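Per my numbering, residue 27 is the first one in the sequence shown, and the count goes up by one each step. C-beta atoms are modelled at their ideal positions from N, C-alpha and C, and glycine is treated no differently. Predicted, not measured: the structure shown is a model, and the values here were computed from it. First up is the structure itself, then whatever we jot down about it.
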Amino acid sequence: MGGARSRGVRAVGGVVLAGLLAAACADGDVRPQAAATGTPPRTGELTWGTCPEPSEAEAQVWGAAEHRPAYARHAARLRCGTLTVPADWTAPQGRRLELAVAVLPSTGDGPAEPLALNPGGPGVSGRLMPIGIASGGARALLDRYDLVGLDVRGTGRSGPATCPAAESLDAGPRPAAPTHRTARAYWNRLARAHTTCAEADPAQLASLTTTNAAHDLDALRRALRAPRLHYYGVSWGTSLGATYRTLFPTHSGRTLLESVVSPDPDLRGLLDGVTRAREQRFEHFTAWLAARSDRYGLGTTADEVRTRLLALRERLTTRPLRTSDGTYGRVETDQYMDAEPADRAGAGAALSSLARGRAPAGDGDGKPRTAAPPLVAPFAGTALLCSQVTHAASFTEQWSAYGERRAAYPVLGATRPMFPGSGEVPGTSTCAGLPAPERPPVEPGRADGPLLLVAHRDEVITPLPWARAMRARTGGSLLVVGDGEHGGMAGGGCAGRVVGFFAGAEGAAAEGGVCEP
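In structure tokens form, the structure reads like this:
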């Protein structure tokens, strides 16, 4: 669920400069000092130091590739530090953690308040997200806010939690649909890997919860001496933001939650919702192809296109097309049929070629390119997600739900749902082998500060109905962006709505509605 990989939330992060936060918060000048040499930091203390040199991946993700001059300019102004927090907020005198923080001070003339940012994942390093935001379409946020990035506990430079045995686990060949035997075997291997890592440091694993991360945010607010914390979160960052608002309603400032995760924590329901959205997107794709029958030749009505594509998939399942460019069977056909709106032309051309018995041409064939998401701490992200969901730890439950999805959604129900709670093998869960959370997740509620929920109309990772469900719990306004992106509003054609909301603009920026990028 990570927004960091979308075009709107990219930009680079951080070099350089030790220093103090020079901007002023609403309740007075804020100049936290570094702790005295040799004195252990106290819980809740923010200690400033030199910014570590960014890795190449950090630089590319957060803006060096697309906005190099702006990246370099903002990176030179970045202020970095560590925030000391309890590993367990219910036992504040126990083990402590140091969280990596970066602040990009406001360039405005007036007093500035902190705007905390989170790119999602869960598990994506967010420390350098301020540079990404400041280098893109929402750069005007710097006129009135100090942009604050934080590596959530267990991620980035905040005591990263790893599980090499799970992270290197090979799911094996990817059949069109797994059998009970292959799915169970993968579940058992993943569960053993997770159990080994959990037993190595059970306290660390138990500390990786969204509730603890929300308490960390409020500790950061206090360390910055701010009466309230403004917040912009994407994907899983919306769960963190909703939890923060619920636990600290009087300290919650303006909050924008984009690509909203469902407030209902049942993993089975989450995977059902994602699959339903993908099935609906396919139906829209068939109508799109039918309207362009003269170009693709796949049918003149949506039903005709659907029938032909399902027949094509069945044929390639039993008799894959083998060419010098590769083999095209069920898996490849599913990928083309699951095309995002922005990839429809290429996917349509690929399916048209396959229907004629030819291999798709070139790199623009619409086939998704797989790549490991950058800057993600997989085990920490898994733990954070699994602290938020229920019905995740039973193979029997997950396999039964998978069977029902296959029956209910015959086009794409057999494929892996596009949600991080789904294991690499459909019918399994990434939570396999992890202990159930000690405490239930926080039920989202209402808070004092203005709230804007943003959904992308055709996206399938966090579908539009989830934002509507969250709004029913939290209030606020709903803005629907007319595209299929996951995150990315801050860098696209609707970036002005982000700026308008945080500027306190009346009208459309605060009231939601629709934005066509």
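Per DSSP, residue i forms a beta bridge with which residues?
| i | result |
| --- | --- |
| W74 | G107 |
| R122 | P112 |
| D292 | T416 |
| H256 | L141 |
| A481 | V506 |
| C541 | V507 |
| L130 | L173 |
| T281 | Y257 and L477 |
| L347 | Y354 |
| S455 | S448 |
In this structure, how does DSSP classify residue i when only helix, strand and coil are distinguished?
| i | result |
| --- | --- |
| E423 | helix |
| G175 | strand |
| E511 | coil |
| A403 | coil |
| L324 | coil |
| Y428 | helix |
| G352 | strand |
| G185 | coil |
| V331 | helix |
| V300 | helix |
| D55 | In this prediction, D55 scores a pLDDT of 34, lower than 50, which makes its location untrustworthy; no coordinate-derived value is stated. |
| S448 | strand |
| S151 | coil |
| R307 | helix |
| V524 | helix |
| R472 | coil |
| R99 | helix |
| H93 | coil |
| G158 | helix |
| E464 | coil |
| D364 | coil |
| A387 | coil |
| S233 | helix |
| G267 | helix |
Take residue i as the anchor and find which of the options has the nearest alpha-carbon.
| i | options | result |
| --- | --- | --- |
| T222 | P190, G198, A419 and A245 | P190 |
| F445 | V178, G146, P112 and A217 | G146 |
| P186 | L234, R382, T269 and D298 | L234 |
| P156 | E124, P253 and G89 | G89 |
| A226 | E82, Y258 and T188 | T188 |
| P367 | A409, Q306, A385 and P404 | Q306 |
| T69 | T181, P131, D135 and L246 | L246 |
| E193 | T488, G429, F405 and T422 | F405 |
| W74 | G182, G162 and A249 | A249 |
| E124 | V178, C77, E82 and N144 | V178 |
| A268 | A516, P476, G526 and V300 | P476 |
| Y171 | V87, A529, P112 and G539 | A529 |
| T500 | R153, Y270, D135 and L195 | Y270 |
| V111 | E92, G180, A102 and G136 | G180 |
| P489 | Y257, A138, D298 and G453 | D298 |
| L296 | E82, Q424 and E330 | Q424 |
| R215 | L231, D196 and T276 | D196 |
| Y435 | G107, E139, N144 and T301 | T301 |
Quick one, are the C-beta atoms of residue i and residue j less than 7 Å apart?
| i | j | result |
| --- | --- | --- |
| H220 | L380 | no |
| W292 | H417 | Rather than Trp, the amino acid found at residue 292 in this sequence is Asp. Against a cut-off of 7 Å, the Cβ pair of H417 and D292 comes out as a contact. |
| I159 | L176 | no |
| G352 | P346 | no |
| A337 | G325 | no |
| S479 | A493 | In the sequence on display, residue 479 carries Leu and not Ser. Yes, the pair counts as a contact, with Cβ atoms nearer than the cut-off. |
| S151 | L401 | yes |
| L411 | G449 | no |
| L154 | L109 | no |
| L266 | A239 | yes |
| L504 | G538 | yes |
| T236 | S455 | no |
Are there 16 or more other CB atoms within 10 angstroms of the CB of residue i, so buried, or fewer, so exposed?
| i | result |
| --- | --- |
| Q361 | buried |
| Q119 | exposed |
| P95 | exposed |
| R99 | exposed |
| E485 | buried |
| A320 | Note that residue 320 is Asp in the sequence shown here, rather than Ala. D320 is exposed by the Cβ-count criterion. |
| R395 | For R395, the pLDDT reaches just 49, beneath the cut-off of 50, and the residue's location in the model is therefore unreliable, although a value from the coordinates is still provided. Per the 10 Å Cβ criterion, exposed. |
| S378 | buried |
| G198 | exposed |
| S285 | buried |
| P80 | buried |
| A376 | buried |
| V540 | exposed |
| D369 | buried |
| A252 | buried |
Does the beta carbon of residue i come closer than 7 Å to any beta carbon on chain B?
| i | result |
| --- | --- |
| L246 | Here there is only one protein chain, and chain B is not present. |
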